[in-house]
Amino acid sequence: MTGDFATFKANLISPLTGGTTITISSSPTYTAGEVRGVWVGGAGDLSIVTIDGSTLLMIGVTAGSLIPAIITKVNGSSSVTNVSVVW
Numbered sequence: 000m001t002g003d004f005a006t007f008k009a010n011l012i013s014p015l016t017g018g019t020t021i022t023i024s025s026s027p028t029y030t031a032g033e034v035r036g037v038w039v040g041g042a043g044d045l046s047i048v049t050i051d052g053s054t055l056l057m058i059g060v061t062a063g064s065l066i067p068a069i070i071t072k073v074n075g076s077s078s079v080t081n082v083s084v085v086w
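Under numbering that gives the first Met the number 0, the first residue of the sequence shown is numbered 0, with each subsequent residue one higher.
Following this line, the structure appears as structure tokens:
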């Protein structure tokens with residue numbers, strides 16, 4: 000049986016519908032619009048800006064973590080690795 004996703008509309012609790020891998024650099028790393036989460040493949044600290052403009056520094060994020068947050072930017076000061084933003 001196949002699903003019909005032609006009319007599917009993502010919401011905050013639906014499965015991921017897309018994403019892209021990013022590379023942490025000294026400048027803001029991801030600024031292309033709102034995303035629903037950040038996947039962290041390699042442990043470290045994660046600095047993000049949320050949809051309301053708050054900057055959050057998450058210290059000690061473990062490898063294999065999916066951070067569910069509506070964000071607009073991943074800051075270049077983050078030390079995590081193997082990062083993807085998802086929507």
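Just so you know, even glycine gets a beta-carbon here, dropped at the ideal spot from N, CA and C.
Nonlocal neighbours in the same chain, by C-beta distance under 6 Å from residue i, ignoring five residues either side
i: Thr-54; result: Val-48
i: Pro-67; result: Gly-36
Proximity of residue i and residue j at Cβ, strictly below 7 Å
i: Asn-81; j: Gly-32; result: no
i: Ser-76; j: Ser-46; result: yes
i: Leu-15; j: Val-85; result: yes
i: Ser-64; j: Thr-20; result: no
DSSP state of residue i mapped onto helix, strand, coil
i: Pro-67; result: strand
i: Trp-38; result: strand
i: Lys-8; result: coil
i: Thr-49; result: strand
i: Gly-18; result: strand
i: Gly-43; result: strand
Cβ-based neighbour list, residue i, same chain, cut-off 8 Å, excluding 5 preceding and 5 following
i: Ile-58; result: Asp-44
i: Val-60; result: Val-39, Ala-42, Gly-43, Asp-44, Leu-45, Ile-66, Val-79
Terminal residues of the beta strand (DSSP E) in which residue i lies
i: Asn-81; result: 80-85
i: Thr-54; result: 54-60
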